[in-house]
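Peer 1:
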Amino acid sequence: MDRGLFTGVLFLDLKKAFQTVHHSILLAKLEKYGIQRRSFEWFKSYLKDRKQVCSINGKKSSANDIKRGVPQGSNLGPILFLLYINDLPNSLKMSKPSMFADDTNLTCVGQSSSEIETKLNVELENVHRWLTANKLTLNDDKTEFMLIGSRSRLACVHNSPY
């Protein structure tokens, strides 16, 4: 902003991110990260054949198989999810990602709002390709864009509130 540039930020949120992690993809990534032999087999058994039961006032539901997702409420769940999305930044070329859990912000700088729009549209396509390959979905309702710049620069942007 000090140099008269615009900054664009795209706020992304993944839909049911922790519940939709595919075990086969996660295990392939763990192997790629160097998890081998006994440790790999342990993770494989940790994810395999999991079931969930709901209990209300002492009455239990029937057990449902869990075919996807990381165990919620566990210490490992968030870590496994982070390992699952760890390679997302590799698909980005024109923006700087900031990631926290299932929220990701893509930030880029440009001379004009149209340059920002072009860059972030390209990055959004890159994100969509990565999401498709990893069987995750963007929550469109929670995805937002913000353009940052000096008041005088923003006043020049079409449809500016200033």
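Quick note: the numbering used here has the sequence shown finishing at residue 203, numbered continuously throughout. Even for Gly, the Cβ is constructed at its ideal location relative to N, Cα and C.
Suppose you measure from the CA of residue 132 to the CA of residue 171; what does that come to, to the nearest Å?
Peer 2: 7 Å
Peer 1: I need the straight-line Cα distance from residue 162 to residue 174, nearest angstrom please.
Peer 2: Looking at the backbone, the Cα of residue 162 and that of residue 174 are separated by about 19 Å.
Peer 1: Who are the near neighbours of residue 122 in its chain, counting only those whose CB is closer than 8 Å to its CB and skipping five residues on each side?
Peer 2: Counting only Cβ-Cβ distances below 8 Å, and skipping sequence neighbours, we find 58, 59, 62, 111, 142, 143.
Peer 1: Kindly indicate which residue of 146, 100, 169, 166 has the alpha-carbon position closest to the one of residue 188.
Peer 2: 146
Peer 1: Please give the ranges of any alpha helix (DSSP H) in the segment 50–132, keeping only runs that are unbroken, at least 4 residues long and fully inside the region.
Peer 2: DSSP runs (the alpha helix (DSSP H)) wholly in the segment 50–132: 64–73, 78–88, 117–126.
Peer 1: Is it buried or exposed, residue 169, if we count other Cβ atoms within 10 angstroms and call 16 or more buried?
Peer 2: exposed
Peer 1: Taking the beta carbon of residue 151 as the centre, do at least 16 other beta carbons fall within 10 Å, making it buried, or is it exposed?
Peer 2: buried
Peer 1: Look at the Cβ atom of residue 52, then the Cβ atom of residue 185, and state whether they are nearer than 9 Å.
Peer 2: yes
Peer 1: Would you tell me roughly how many angstroms separate the C-alpha atoms of residue 190 and residue 79, rounded to the nearest one?
Peer 2: 53 Å
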